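Asks: Following numbering that gives the first Met the number 0, the numbering of the sequence shown begins with 0 at its first residue and continues without gaps.
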Amino acid sequence: MADSLRPLSPTPTSSSGSYACRINPTDLHLKRYALCIGNNIEVFPFDQAIKAGQVLALPLPALHTGLNVLIDRELLFDGAPTMDILSHYLNVRVQDVHNIQCMIGINGGAVDFTKRGIATLDAQVSFTSIPETAPVSMKLSAKDRLASAGIPIPIQAALGRLAATIQLTINYADPAKASNHVTVQNDFLQQPLFVLLDSALGAG
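1. Please identify the residue among V110, L55, N67, A156 whose C-alpha is closest to the C-alpha of N39.
2. Determine the DSSP secondary structure at T168, reduced to helix, strand or coil.
3. If we ignore side chains and look at the alpha-carbon of each, how far apart do R160 and A61 end up?
4. Provide the residue(s) that pair with G104 in DSSP beta bridges, ordered along the chain.
5. So what does L139 bridge to, in DSSP terms?
6. Give me, in chain order, the residues of the same chain whose beta-carbon lies closer than 6 angstroms to that of N170; leave out the 5 immediate sequence neighbours on both sides.
7. Within 10 Å of its beta-carbon, does F187 have 16 or more other beta-carbons around it, so buried, or fewer, so exposed?
8. So what does DSSP say about R72, is it helix, strand or coil?
9. Residues in the same chain with beta-carbon distance under 6 angstroms from S136, minus the five sequence neighbours each way, listed in chain order, please.
10. By the DSSP assignment, the alpha helix (DSSP H) with K114 in it spans what residues?
11. Please say whether A141 and L196 have beta carbons closer to each other than 9 angstroms?
12. Contact check, C252 vs L59 under 8 angstroms by CB: the rounded distance?
13. Measure the alpha-carbon distance for L192 versus N106 and round it to whole angstroms.
14. Nearest-angstrom Cα distance between D173 and V194?
15. Please report how far the alpha carbon of A48 lies from the alpha carbon of T113, in whole angstroms.
16. Tell me the DSSP secondary structure of A48 in three-state form.
17. Report the three-state DSSP secondary structure of Q155 (helix, strand or coil).
18. In whole angstroms, what is the alpha-carbon distance linking T182 and T127?
19. Would you mind reading off the limits of the beta strand (DSSP E) that contains D186?
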């Protein structure tokens with residue numbers, strides 16, 4: 000997300016021999032800057048991370064009447080930007096809301112059905128980020144360890160999060176053993192195919 004050289008509305012600080020520039024309310028990676036007076040431009044390399052609100056002090060040239068500063072910078076992220084991070088920079092407005100079809104699934108391949116004596120796993124997925132969407136039911140077993148379903152969701156939900164609570168009912172092969180219940184969480188936008196770990200079901 001790189002920008003070209005852009006002005007930062009600097010404030011000269013002649014007493015310290017520097018040129019103070021206040022950074023916008025976002026963390027930035029500054030790559031270079033240019034000092035401009037009229038048609039004269041001098042570019043300087045500058046590889047540094049600057050936090051939001053930080054004041055950057057640059058050397059003040061001897062001739063600085065009418066001086067402007069241009070900055071070549073890009074937004075600074077800690078790792079890959081998520082939709083939650085991007086929402087701080089993007090203002091998404093949706094008109095004439097439409098639903099889109101979203102495929103979600105649960106992978107129970109890591110569950111030891113035989114050792115645990117599980118006949119079936121009944122899963123009910125409730126979407127906490129879009130509570131108006133009806134819950135989705137799925138069933139897993141030793142023979143069918145993968146279940147999926149298509150659900151209609153508002154298009155704006157696909158631009159944010161698809162947080163869900165997965166209520167698991169563990170039905171045992173031994174009819175004398177009462178069913179057990181486990182709850183797990185998942186964001187199906189980040190992980191459309193939720194991998195259910197054996198450890199998530201607790202002690203055998």
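Glycine included, every Cβ here is placed at the ideal spot set by N, Cα and C.
Everything numeric in this text was worked out from a predicted model, so none of it was measured.
Replies: Concretely, from the data shown:
1. In this structure, N67 is the residue among V110, L55, N67, A156 with its C-alpha nearest to the C-alpha of N39.
2. DSSP places T168 in strand when its eight states are reduced to three.
3. Roughly 53 angstroms between the two C-alpha positions.
4. The beta-bridge partner set that DSSP reports for G104 consists of S147, L192.
5. Beta-bridge pairing links L139 to L120.
6. Excluding its 5 nearest sequence neighbours in each direction, N170 has C-beta neighbours in its own chain below 6 angstroms: A118, T119, S178, listed in chain order.
7. That one is buried.
8. Look at R72 here: in three-state DSSP terms it is strand.
9. Excluding residues within five positions, the ones whose Cβ falls inside 6 angstroms are Q123.
10. Where K114 is concerned, the enclosing alpha helix (DSSP H) starts and stops at 112-115.
11. Not closer than 9 angstroms, so no.
12. One cannot answer for residue 252 here, as it falls past the ends of the chain, which runs 0 to 203.
13. Computed Cα separation, rounded: 7 angstroms.
14. So the alpha carbons of these two residues sit roughly 26 angstroms apart.
15. If I take the Cα positions, the gap works out to 54 angstroms.
16. Three-state result, A48: strand.
17. Collapsing the DSSP output to three states places Q155 in a helix.
18. Spanning the two alpha carbons is a distance of roughly 13 angstroms.
19. In the DSSP assignment, D186 falls within the unbroken beta strand (DSSP E) covering 179-186.
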